[in-house]
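In the working numbering, the protein residues as written are 1063 to 1217.
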């Protein structure tokens, strides 16, 4: 059974009562089957948004799974989550060309996950969409405003 404190319970009850999210908002399906994440990869010259979103993902995944996923600038074996870039040798320019400044490119396969956009705002939006798809909700700022998906379902 998961640890659940009173403040979080009150937060969820209030949020549900005021219609902020549905009762099963925390149980959204994982976007696609695949192995556990091996690493989060950002560009060598990652901007502050990419660095912050990768650190936030690392923190959220650690809360949910109990495992810390390393952040790197290099690809390697295993399922990799790319932020603001794709794997070496994969040209995403044609996919990004048609996007507006806030548009996203999100690709989830068993081998990799790519969260990117044409601008830093697009990258942030792609990461936010990934988190939404795995069941993460932030209903207000702070630790009591986070609704985390169940760990065993997050792969």
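Cβ atoms here follow ideal geometry from the backbone N, Cα and C, with glycine treated the same way. All figures in this text were calculated on a predicted structure; none of them were measured in a lab.
| Asked | Found |
| --- | --- |
| Could you work out which residue in 1118, 1107, 1103 is closest to residue 1200 when comparing CA atoms only? | 1118 |
| Which of helix, strand or coil does DSSP assign to residue 1141? | strand |
| Identify, in the order they occur along the chain, each residue of the same chain with its Cβ nearer than 8 Å to the Cβ of residue 1141, setting aside the five sequence neighbours on each side. | 1096, 1097, 1098, 1099, 1100, 1172, 1173, 1174, 1175 |
| Could you spell out the range, first to last residue, of the alpha helix (DSSP H) harbouring residue 1186? | 1182-1195 |
| Among 1149, 1128, 1123, which residue has its Cα nearest to the Cα of residue 1103? | 1149 |
| With the cut-off set at 8 Å, would you say residue 1146 and residue 1185 are in Cβ contact? | yes |
| Could you please give me the residues that DSSP links to residue 1179 through a beta bridge? | 1166 |
| So, under 8 Å CB-CB, residue 1115 and residue 1154 are touching, yes? Tell me the CB distance rounded to an integer number of Å. | In fact, because the Cβ distance is near 17 Å, the residues do not count as touching under 8 Å. |
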